[in-house]
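Working notes, structure below.
Number of protein chains: 2
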Amino acid sequence: MIKPVEQKLINSIRTLSADAIEKAKSGHPGTPLGAAPAVYTLFGRQMRHDPANPAWHNRDRFVLSAGHASMLLYSVNHLFGYGLTMEDLKQFRQWGSKTPGHPEYGHTPMVETTTGPLGQGIANAVGMAMAEKHLAAVFNRDGFPVVDHYTYCLMGDGCVMEGISAEASSLAGTLGLSKLIVFYDCNKISIEGDTDIALREDTAARYRAYGWQVLEVEDGNDVDAIDRAVEAAKADDKRPSLLLIHTKIGAFSPKEGSASSHGAPLGAEAVKALKQNLGVDPEKSFSVEQEVYDFAAACVEKGRLAHRVWDQLMEGYQEAYPELYSKYMEWFEGEAPDLSQDEDFFAFEKDDSTRNASGQCLARLAARYERLMGGSADLASSNMSYIKGRGDFSAETPEGANLHFGVREQAMAAICNGMQVHGGLHAYCATFLVFSDYLKHGIRLSALMKLPVLYVLTHDSIGVGEDGPTHQPIEQLAAVRSMPNAALFRPADSRETAAAYAAAIRRQGPSCLALSRQTLPLLPGSGKQAMKGGYVLVDSEKALPDVILLASGSEVSLCVQARELLKAKGVDARVVSMPCMELFEEQDEAYKQSVLPKAVRARLAVEAATSFGWHKYVGLDGDTICLDHFGASAPAGKLFEAFGFTAENVADKALALL
Amino acid sequence: MIKPVEQKLINSIRTLSADAIEKAKSGHPGTPLGAAPAVYTLFGRQMRHDPANPAWHNRDRFVLSAGHASMLLYSVNHLFGYGLTMEDLKQFRQWGSKTPGHPEYGHTPMVETTTGPLGQGIANAVGMAMAEKHLAAVFNRDGFPVVDHYTYCLMGDGCVMEGISAEASSLAGTLGLSKLIVFYDCNKISIEGDTDIALREDTAARYRAYGWQVLEVEDGNDVDAIDRAVEAAKADDKRPSLLLIHTKIGAFSPKEGSASSHGAPLGAEAVKALKQNLGVDPEKSFSVEQEVYDFAAACVEKGRLAHRVWDQLMEGYQEAYPELYSKYMEWFEGEAPDLSQDEDFFAFEKDDSTRNASGQCLARLAARYERLMGGSADLASSNMSYIKGRGDFSAETPEGANLHFGVREQAMAAICNGMQVHGGLHAYCATFLVFSDYLKHGIRLSALMKLPVLYVLTHDSIGVGEDGPTHQPIEQLAAVRSMPNAALFRPADSRETAAAYAAAIRRQGPSCLALSRQTLPLLPGSGKQAMKGGYVLVDSEKALPDVILLASGSEVSLCVQARELLKAKGVDARVVSMPCMELFEEQDEAYKQSVLPKAVRARLAVEAATSFGWHKYVGLDGDTICLDHFGASAPAGKLFEAFGFTAENVADKALALL
């Protein structure tokens, strides 16, 4: 039976949310009102969490996939003592506040992942549950379940409609993620009205088809029923569970059941009516009874104790398994290695495709950095992304470190984000560069959260050849380069590929590696200096060259050849390799000037992709040899020639600049 | 019972496919071998098609969602007389051929849509079936079923895993698209091996949950069973049908059942073995018995007759419903209207947000261009994309023209592509600009196919305000601008919004309209000239200005204000409004020079988005006021100020250039 104080706590979540949204004159009250009992059931009764230590490794995770309901999270944060003050709640959605419009990872305590773009959160939660399952398999020993927590998620009708949630949920079923428990806040209302206009499927049956346990709760206000359903979810050790909870959007307000309660303040009168309906003083705002705080504090005492028990468990673990303990601490707390002085990591002897070089780098990296974990969206053999000797992660073999995402690029990116924020792992994933279009919102969330997820993106140009324009990236490099916090590497050879990895794993933000299908020459002079993003690969004879040739990836060697042709004509060219514009921009002005002296205006950029973005380096007086149209289906060599990617054409265009 | 000649035809599909892939030394034989009987059943027995007139409006459509199986389509094309010659098949995947690696719309007869990126094709097919259902409701009259065809689609395990197919399929069930019949070529093999590693769901149950009829065919070689299943699919007039057909990848070759048959030629020996297994002379290549051609010709005779019957039906229709007939012909054959001289279309009186202006433009456009059809991914009231008085398209009201896509951005784009290639409609769709990330691969396919789909993308900057960085686009403008064939419009006021629409509907390629949430001033001097992409909004007093201020959208008025501040300091500035870089680039050199004279190097670009791409216009000597970082959650006005988007800052930065 629900206690009166529990009901008060639930109502406090509701009134704090409504008050903060009202004060901000902006926000989403509908879900906080409807889903407050479900979320209370988790934080108050079921979750093992320690608000004083929100970063406790073994806490249960909670993901608010319906990120617009941020006030739900902030109210819980405040009530359970995670640190948000009443003043913070009053600053909801204001400049510099701890309570932004959507939950932001790294900004507000207890926010496990940045949500808002629908469907991402549940896919993050799948990633967290995968991380938990793998780490448990790696670290747990008899009597020492050091990694042992649940991942909870709240999603709404919007998340349910997004394809990314379908991808992630199908994979979660396949992988038997039994410690993933997803609440579906089913209020049957979306912004355009009754979900009947766009969603008539039997979602429960769909999740059963994915191999999930589905538990239905008829009344979203029935805390005991929700509680029992969570128990049933926990009792299933084979399947993830979906709790389909029937709720009312904007519950207890005059806008209950109406789409108008979704994304706008209720209005002062409606907030008063809400409070009256809840039996709360309508004249008080931002008001919580002490009894509620006290009760919440008592609730979290269980979690504090669980944390203490875990600390003791870790002490015993350290004694019983000192090496494993060290490894655990390294995985969860250590930094990514500095490979810049690691000669073996950079050692390559022969011409090779950069996708092959990437495969070698991954293997070398995994040997030095065991917590690397990832896989491909069903293109491992093309992406060279499978790391031999590390097994396959599956329902039956969670200790394996190679992931099989299936043809699910979107979920792949979001799962990597989830694995990364979970802690203990460094995530990578792989597909063709052209399909980075499917990853884009996931990469963006890596960037927003500054997560160093590695995106291994092979088949980086018309070098794809016969598969044709649907498979040949043109604008994908620009799409990543233009994204804040993200870095796009397009290495010119194997050594530059190693430099890309060395830089990428230590960045704060995602790195996308654009890698060739075709063999590229190992270039004399290439190497670690590529970690500066751009550098002089072959210099001019004079201090100031007649012309600067800039390129990335497969076009760098063309420029080296063109430099010889130009030399024969008495023109002194410098070749600048630019594998990563973002890292180049981070260098100091003196270095940048030393590579690209402002006085030299004859500059030619060469890249088998859109010219968009290159004028930052070639200016109004320079030129580009790029592809501002789609590719074609033909052998790669034919395409490079037909589209002007020849040393002769580079030399001719360079001459035309003089 | 299958006739021997039918089996021969099926085997011809197989051997032609294997031979062409072998000759190309590249391609995907697995699916053509496994799915040949299913595809034969359609083209030979079930489909109403007239190869001599592949553009016949009322033909049954066939979409090869598994686009990598292109040789399946090309073989069928050749055998049924769509025009591909044996020489074309021999040129598979070669430069300039009619038979590229993946099927390309507009390039090869009978290719209904460009496929290759998995999951897109089935979503296109959903769009075609929606178009058919709507057009039937608009045009059909008792005794005159002038729009009345099926849409068939073949998808594989890859398409089944992609989230976009889930989105589209859920919507198809909701809309009761009973004339959509999808073949699921279920061979349980994907590139990384047995699909069991990533896909253990019960796909049949999942489709039943979507509200589909699911029919299972145990043996993919059993043409009669497939034929019966298609009949059962046709008999259901309430639900779309999924035919789950169990096939073997690489059937009858030595690589049958192996992932190795998916994406690489079988090898000469295996092709011989395949032919032996099929009872065909292993020494012959590209060989088809005359009997097979004759039989295929007899098959299509049915379709030719059906086409003739339809022509007669249309004659009767023209007589009985002359106005409706004219409308039909206009919708299917007419061009988009030229609005450039339509003063009413451009008439606006007051300051307004460009999203509101867009709403007015859509309504004005719909009045002038009835076949406009579209909707939003559950943001209609924010996107201003609902056109009043036109009803809602649903299972029960197919005559309605407002679509409710649900929160399914990916499928929305692909459905619009499908509606557009179907013919008879001009498609638009809407969401927030930041969620163009979810649309990106769909926009790319619009661009590849040169389809004039309109993407209405509101909330175009930090002007979003309180919803914060997850909802504030930064790099999305660059992502579209860098895409070939696509155009990005960011109008500065209501008149420029009208100009964007006027230009967009007549383009060959998609147009993305980035529209403000907030009110923008109606600018003196704005108007139709915006159709040139960039133009002088407020000129300098001298022929050559001291400084050029360039901007788009909400930042244009800042530049107009800054010009006044500069004037007070004796600096003569020109303000260039640049609503569409792509259209500006299409102008002749003289015009471009007249707007941006090369001699003027003091240039400042102002846009509340990434600076990436603007250096094409400001060069090495100019500057930008842009946002090369993510936004924040706060009221919009605060954000513009905090991030330097003030007239004062524009003036200061401009002065610094001098």
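Keeping their order, the protein sequence lines are chains A and B.
Number 306 in my numbering belongs to position 306 of the first sequence; there are no gaps in the numbering.
So the mapping is simple: my numbering equals the position in the second sequence, first residue as 1, plus 1000.
Just so you know, even glycine gets a beta-carbon here, dropped at the ideal spot from N, CA and C.
Residue-level contact to chain A via CB, B/H1149, 7 Å cutoff: Closer than 7 Å to the CB of B/H1149 there is not a single CB belonging to chain A.
Residue burial classification, B/L1604 (beta-carbon count within 10 angstroms, cutoff 16): buried
Minimum length 4: unbroken alpha helix (DSSP H) runs contained in the region 614-657 of chain A: 615-618, 636-642, 647-656
Cβ contact (3+ pairs, closer than 8 Å) linking the region 1068-1081 of chain B and the region 1099-1107 of chain B: yes
Interface flag, B/T1497 vs chain A, CB-CB below 7 Å: Residue contact with chain A for B/T1497: absent (no Cβ-Cβ distance below 7 Å to any residue of chain A).
Beta-carbon gap between B/A1478 and B/T1610 smaller than 7 Å: Taking 7 Å as the Cβ cut-off, B/A1478 and B/T1610 qualify as a contacting pair.
Reduced DSSP category for B/I1164 - H, G, I as helix; E, B as strand; rest coil: helix
Environment of B/D1157 [buried if 16+ CB atoms lie within 10 Å]: buried
Close beta carbons around B/V1453, own chain, < 6 Å, minus the five adjacent residues each side: C1416, Q1420, A1427, S1446, P1510
Supposed contact pair A/F92 and A/A24 - C-beta distance, whole angstroms, cut 8 Å: 5 Å
Closest by C-alpha distance to A/C512, when choosing among A/E466, A/I122, A/V456: A/V456
A/T114: contacting residues in chain C (beta-carbon distance under 7 Å): Absent from the structure: chain C. Protein chains present are A and B.
Cβ distance (whole Å) where A/E132 is taken to contact A/V63 below 8 Å: The Cβ separation is near 13 Å, so there is no contact.
Whole runs of the alpha helix (DSSP H) within the region 1195-1249 of chain B, excluding any shorter than 4 residues: 1203-1209, 1223-1235
Delimiting residues of the alpha helix (DSSP H) encompassing A/G418: Start and end: 409-422.
Closer than 7 Å to chain A by CB, B/W1056: no
Sufficient close CB pairs (3 or more, under 8 Å) joining the region 189-208 of chain A to the region 140-147 of chain A: Pairwise C-beta distances place the region 189-208 of chain A out of contact with the region 140-147 of chain A, as fewer than three of them are shorter than 8 Å.
heavy atom of the ligand NAD below 6 Å from B/Q1410 C-beta: Ligands in the displayed structure: none, and consequently the ligand NAD is not present.
The alpha helix (DSSP H) enclosing B/S1577, as first and last residue numbers: From DSSP, B/S1577 is part of no alpha helix (DSSP H) but of the beta strand (DSSP E) over 1573-1577.
Minimum Cβ-Cβ distance from B/K1440 to chain A less than 7 Å: True, the Cβ-Cβ gap to chain A drops below 7 Å.
Cα-Cα separation between B/D1019 and B/S1258, rounded to whole angstroms: Going from the Cα of B/D1019 to the Cα of B/S1258 covers about 19 Å.
Inter-residue CB distance, B/R1408 and B/H1459 (contact presumed, cutoff 8 Å): Not confirmed; about 18 Å, so no contact.
Chain-ordered neighbours of A/K598 on chain B, where CB pairs are closer than 7 Å: L1620
Residue-chain proximity (A/V595, chain B), Cβ-Cβ < 7 Å: Chain B contact via Cβ: absent.
Given B/Q1290 as reference, the closest of B/S1012, B/P1037, B/D1060 once Cα atoms are compared: B/S1012
Limits of the alpha helix (DSSP H) - the one that A/M581 falls within: 581-586
Chain-ordered chain A contacts of B/L1118 [CB-CB under 7 Å]: V407
Nearest neighbour of B/K1284, chosen from B/K1272, B/V1292, B/F1295 [CA to CA]: B/K1272
Own chain residues within Cβ distance below 6 Å of B/M1110, not counting five before or after: P1054, N1077, Y1082
Span of the beta strand (DSSP E), counted from its first residue to its last, around A/L523: Note, A/L523: premise wrong, no beta strand (DSSP E); not H, not E.
The region 181-193 of chain A / the region 1150-1168 of chain B touching (three or more Cβ pairs under 8 Å): no
Cα-Cα separation between B/Y1210 and B/F1183, rounded to whole angstroms: 16 Å
Close Cβ partners of B/G1525 (< 7 Å) along its chain, the five nearest in sequence each way excluded: L1537, V1538
Short-range partners of chain B found in the region 481-497 of chain A, where Cβ spacing is below 9 Å: For the region 481-497 of chain A, the set of residues with a beta-carbon nearer than 9 Å to any beta-carbon of chain B comprises R481, S482, M483, P484, N485, A486, in chain order.
C-beta neighbour in chain A for B/G1643, strict 7 Å: In the sequence as presented, Gly is not what sits at residue 1643 of chain B; that position holds Phe. Not closer than 7 Å to any Cβ of chain A, the Cβ of B/F1643 fails to qualify, so no.
With 16 other Cβ atoms within 10 Å as the buried cut-off, status of A/R308: exposed
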